[in-house]
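Colleague: Pasting a structure here, questions to come.
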Amino acid sequence: MYGDLKILTGSAHPELAKAICNHLGCQLTPTLTSTFSDGELRIEISDNVRGDDVFVIQPTCMPVNTNLIQLCLMLDALKRASAGRITAVVPYYGYARQDRKVSPRAPISAKMVADFLTVAGAQRMVTIDLHAGQIQGFFDCPVDNLFAAPVFLEYLRTVNGGDLVFVSPDAGGVERTRAYAKRLKAGLAIVDKRRDTPNQAKAMHLIGNVKDKTAIVLDDMIDTAGTLCAAGEVLFNNGAKEVMACATHAVFSGPAIDRINASHFSQIIVSDTIPQSDKLDCCPKLKCLSMAGLLARSIHNIHTGSSVSVLFV
2 MYGDLKILTG
12 SAHPELAKAI
22 CNHLGCQLTP
32 TLTSTFSDGE
42 LRIEISDNVR
52 GDDVFVIQPT
62 CMPVNTNLIQ
72 LCLMLDALKR
82 ASAGRITAVV
92 PYYGYARQDR
102 KVSPRAPISA
112 KMVADFLTVA
122 GAQRMVTIDL
132 HAGQIQGFFD
142 CPVDNLFAAP
152 VFLEYLRTVN
162 GGDLVFVSPD
172 AGGVERTRAY
182 AKRLKAGLAI
192 VDKRRDTPNQ
202 AKAMHLIGNV
212 KDKTAIVLDD
222 MIDTAGTLCA
232 AGEVLFNNGA
242 KEVMACATHA
252 VFSGPAIDRI
262 NASHFSQIIV
272 SDTIPQSDKL
282 DCCPKLKCLS
292 MAGLLARSIH
302 NIHTGSSVSV
312 LFV
């Protein structure tokens, strides 16, 4: 048996950690996170965690390398402080896009980062909508890859847009898109996409019918929004009555916000696996849904030894 439940967080997303604590009815364990004069990170756990069941909330979002190393240092500090069990809660798992070797002399970054975290001290992982499901196998510890679908579906049921059709922006996302369409008894379409270079994609043509329907583009991640806006353009040109989008991880790097503001989308639904407070002020099309409740339930079930699979709906 493990001791008390302890929730820690780094500087990546303290708002999400506080919201999770509110759901659980507990307080954040204080942690010192600062930097030395040369830029090295300094971590110090400010409370006793010996024998406790500790969960560290830290998405590896921008600045990715800083947040990743900060997470590793926190895990190492907890390991050396004799925590009973250490669970890394990483709502957005960075470096996930290189999950296989697709060109000569390329790294498999997702595996390397998995090794970082397990060596640092993670004994269990909790994440949301991994870029590729097989990344779970890169860890030498249990991984709970939660789905954001229940949170998104609850909101999408309130969308009064007439006939709905869910659109996959590429062939790889068809399975995810089909699951949403099945739940809401909606149509399914696919945008044929050709990617020339990283972060740049050209949408070619549409497979399916969106004419006079509310089309919702579904993806796991929005980075520069190039793929998303190209898909939106195709849908608009094919007669969609309204064009929306839904994505779990809103990275929003580079020109993403400007592209979205200039696009045909009426609403972009995202989650708070990555902080969005600064983006909401400059992009009125964004709707951010919280994953705090989902993560809190998973943490509670893990701590109490209950089933986590009940959340995989």
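Counting the sequence shown from 1 gives a position; the numbering used here is that position plus 1. Ideal placement from N, C-alpha and C gives every residue a C-beta, glycine not left out.
1. Should A187 go down as buried or exposed, given a rule of 16 or more other Cβ atoms within 10 Å for buried?
2. Within 8 Å, do at least three Cβ pairs link the segment 173-189 to the segment 58-78?
3. May I ask you to list the residues that DSSP assigns as paired with I46?
4. Whole angstroms is fine: what's the gap from P31's alpha carbon to P256's?
5. Of the choices N68, A172, Y156 and T274, whose alpha-carbon is the least far from that of A232?
6. Thinking just about the alpha-carbon of each residue, which of I217, A18, A78 and E16 is nearest to the one in R158?
7. What residues are listed by DSSP as bridge partners for Q268?
8. Do the segment 110-120 and the segment 273-291 touch if we need at least three Cβ pairs shorter than 8 Å?
9. Going along the chain, which residues of its own chain have a beta-carbon closer than 8 Å to the beta-carbon of A180, five neighbours each way excluded?
10. If you run the structure through DSSP and keep just helix, strand and coil, what is A187?
11. Compare the C-alpha of T215 against each of R184, C142, S264 and A241 and name the closest.
12. Roughly how many angstroms separate the alpha carbons of P143 and K212, rounded to a whole number?
13. Looking at the strands, I want to know which residues DSSP matches up with M222.
14. If you compare alpha carbons, which of G209, L154 and R184 is closest to P170?
15. Give me, in chain order, the residues of the same chain whose beta-carbon lies closer than 6 Å to that of R86; leave out the 5 immediate sequence neighbours on both sides.
16. Please go through the same chain and pick out, in chain order, the residues whose beta-carbon is closer than 7 Å to the beta-carbon of L219, but skip the five residues on each side of it.
17. Just verifying my parser: in three-state terms, what is the DSSP assignment at C289?
18. Would DSSP call R98 helix, strand or coil?
19. Looking at R51 and A78, is the spacing between their C-beta atoms short of 9 Å?
20. Ordered along the chain, which non-local residues of its own chain (more than five positions away) have a Cβ less than 6 Å from that of F253?
21. With respect to the beta strand (DSSP E) encompassing D77, which residues constitute its N-terminal and C-terminal limits?
22. At which residues does the beta strand (DSSP E) containing A352 begin and terminate?
23. Look at the alpha carbon of K19 and the alpha carbon of P105, and state the distance between them as a whole number of angstroms.
24. Ignore the nearest five residues each way along the sequence and tell me which others in G294's own chain have a CB closer than 8 Å to its CB.
Modeller: Considering the structure as presented:
1. In summary, A187 is buried, with 16 or more beta-carbon neighbours lying within 10 Å of its beta-carbon over all protein chains present.
2. Below 8 Å, too few C-beta pairs join the segment 58-78 and the segment 173-189 to call them touching: fewer than three.
3. Answer is T32, bridged to I46.
4. In this structure, the straight-line span from the alpha carbon of P31 to that of P256 is close to 36 Å.
5. Closest in alpha carbon position to A232, among N68, A172, Y156 and T274, is A172.
6. Measuring C-alpha to C-alpha distances from R158 to each of I217, A18, A78 and E16 identifies I217 as the nearest.
7. For Q268, which the question treats as bridged, DSSP gives the partners M245.
8. Not touching, per the Cβ criterion.
9. If we look at A180 and ignore the five residues flanking it on each side, its Cβ neighbours are A150.
10. In the three-state reduction of the DSSP assignment, A187 falls in the coil class.
11. Distance check between T215 and each of R184, C142, S264 and A241 places A241 closest, using alpha-carbon atoms only.
12. Distance between the alpha carbons of P143 and K212 is about 45 Å.
13. DSSP output for M222 lists H250 as bridge partner(s).
14. Nearest to P170 by alpha-carbon distance, out of G209, L154 and R184, is G209.
15. Cβ within range, chain order: Y3, D54 and Q124.
16. By the criterion of a C-beta distance shorter than 7 Å, L219 is surrounded in its chain by F167, V168, S169, G174, R177, T178, Y181 and C247, once the five residues flanking it on both sides are discounted.
17. In the structure shown, C289 falls within a strand segment according to DSSP collapsed to helix, strand and coil.
18. Here R98 sits in coil by DSSP.
19. Contact flag unset, no.
20. Excluding positions up to five away in sequence, the list reads K280.
21. For D77, no beta strand (DSSP E) segment is defined; the enclosing uninterrupted segment is the alpha helix (DSSP H) at V65 to R81.
22. In this structure the chain extends from 2 to 314, so residue 352 is not present and cannot be described.
23. Taking the straight line joining both Cα atoms gives about 43 Å.
24. The residues H24 and V152, in chain order, have a CB closer than 8 Å to that of G294 in the same chain once the five nearest residues on each side in sequence are set aside.
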